[in-house]
Ligand code: S3P
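Numbering (the numbering used here), first residue to last: 2 to 433.
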């Protein structure tokens, strides 16, 4: 098991991250390679995230018949519009996004498919996709009556649907949209609150008829012909960039510029919370083809405690890093309505609570979040629980107080050069 020891930083951070320094967006990278299979022709993906999760999606796309070439930092995927039945299982590794999106996509594809993943993914809930997919005619099963991977799918005919999801989940929404594109008639999907909407934007950009209706419902018209190939440049991932936003906000006199970052409102809510806490933040917006992209500037400010209980799906992945900002803020912070944190790559409520307690911070565990009393965290040995975002969040706290993080291999799933960046500013020692 690999560990890392981070020494406290001695100077303020003054850093402008160039266009390609921080990991490209994970959600968009997964979708780009998966959606290329819906097109006839060659899709072009610039700045694809070369991390374990998205490389697993790319490998699955290849097994399903996508022809992959790489040139000038770009990936080209040629698809005939027809899917090949693979002669082996499809391994999603650590990625819930890959498993749930492929489940929805393969539900209508002629053939037999097995989706599996690592020991963490095999514990995560899959009924949220298998149940609604079964209701519309999909043959999909897994351990515990479809709750746990490995999942087995025999693709077949899909009936149109009108489905109201009980959870605001982009993965469930994407799975149902992908199934709906191959249904026998027009389908309608609704969710309690808007979740990240890259699937709708990208598929619309490729020519799919996916319409937003009143009240946030989504109308999905079946495809009668393959989509146009995708041509996309993946922007910087705001979830990965957020670790450095927190670094800039908690190390006195620092300034961090994140260039060419995704500014979709469903992805930058955590920056707005950091701003509310007292960091100085500027959003400089430019338009791009599928999504809004621009720069974010973060400057140190004295942080105050904050209450976070709204727009949770828009900041769910950033809550562990926000908890770090809360641990050094003045006063009490509270996170509520975030029960989904318990079924991410780890139980992130437990992971945050246990590790902050190790750092001598007063924390109360709630069923759907936590309460943190900001103070002076101490250096400690952190258990990442095999979760990349827990490891990276506490590494950022390490910049202030020093930290040892155990079990860091999972950082490769989303941000392979994360520790390399930290080592520009402080001593980072990796041990086996
Ligand atoms: C993702 C959606 C979110 C997020 C995950 C990536 C996506 O999960 O937490 O890291 O790419 O669709 P849910 O859709 O389950 O909320």
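Glycine included, each C-beta is placed from N, C-alpha and C at the ideal position.
When DSSP reads this structure, residue 233 sits in a beta bridge with 46. Using a cutoff of 7 Å, the CB of residue 171 counts as near the ligand S3P, since one of the ligand's heavy atoms is closer than that. Shortest gap from the CB of residue 369 to any heavy atom of the ligand S3P: 7 Å or more. Taking one beta carbon from each stretch, the region 250–267 and the region 5–19 have 3 or more pairs nearer than 8 Å; the two touch. With a contact defined as Cβ atoms closer than 8 Å, residue 375 and residue 329 qualify at about 6 Å. Judged by beta-carbon spacing, residue 179 lies within the 8 Å limit of residue 105, meaning their Cβ atoms are closer than that value.
Boundaries cannot be given for residue 186, as no alpha helix (DSSP H) includes it and DSSP labels it neither H nor E. Going by DSSP, residue 384 is part of the beta strand (DSSP E) stretching over 382–384. Between the C-alpha atoms of residue 99 and residue 36 there is a straight-line separation of about 12 Å. With 16 or more other Cβ atoms inside 10 Å of its own Cβ, residue 172 counts as buried. According to the DSSP secondary-structure assignment, residue 300 is paired through a beta bridge with 256 and 281. Distance from the Cα of residue 336 is smallest, within the candidate group 347, 346 and 321, for 321. Secondary structure note for residue 372: its beta strand (DSSP E) is the uninterrupted segment 370–374.
Not one heavy atom of the ligand S3P sits closer than 7 Å to the Cβ of residue 219. A direct Cα-Cα distance of roughly 43 Å separates residue 150 from residue 256. Taking a 10 Å sphere around the C-beta of residue 267, we find 16 or more other C-beta atoms and assign the residue as buried. Straight-line measurement puts the Cα of residue 200 at about 19 Å from the Cα of residue 56. With a cutoff of 7 Å, residue 197 counts as near the ligand S3P, since its C-beta is closer than that to a heavy atom of the ligand.
For residue 151, the enclosing beta strand (DSSP E) covers residues 149–156. Exclusion of the five residues before and after residue 79 leaves 43 and 68 as the residues of its chain whose Cβ lies within less than 6 Å of its Cβ. Judged by DSSP in its simplified three-state form, residue 105 adopts helix. At least one heavy atom of the ligand S3P lies less than 7 Å from the C-beta of residue 98. Distances from the CB of residue 31 to the heavy atoms of the ligand S3P include at least one below 7 Å. In the three-state scheme derived from DSSP, where H, G and I count as helix and E and B as strand, residue 55 is classed as helix. For residue 128, the closest of 144, 92 and 278 by C-alpha to C-alpha distance is 144.
Between residue 287 and the set 297, 164 and 395, the nearest pair of CA atoms involves 297. Bounds of the alpha helix (DSSP H) holding residue 27 are 27–36. The closest CA to that of residue 251, considering only 276, 292, 228 and 230, is found on 276.
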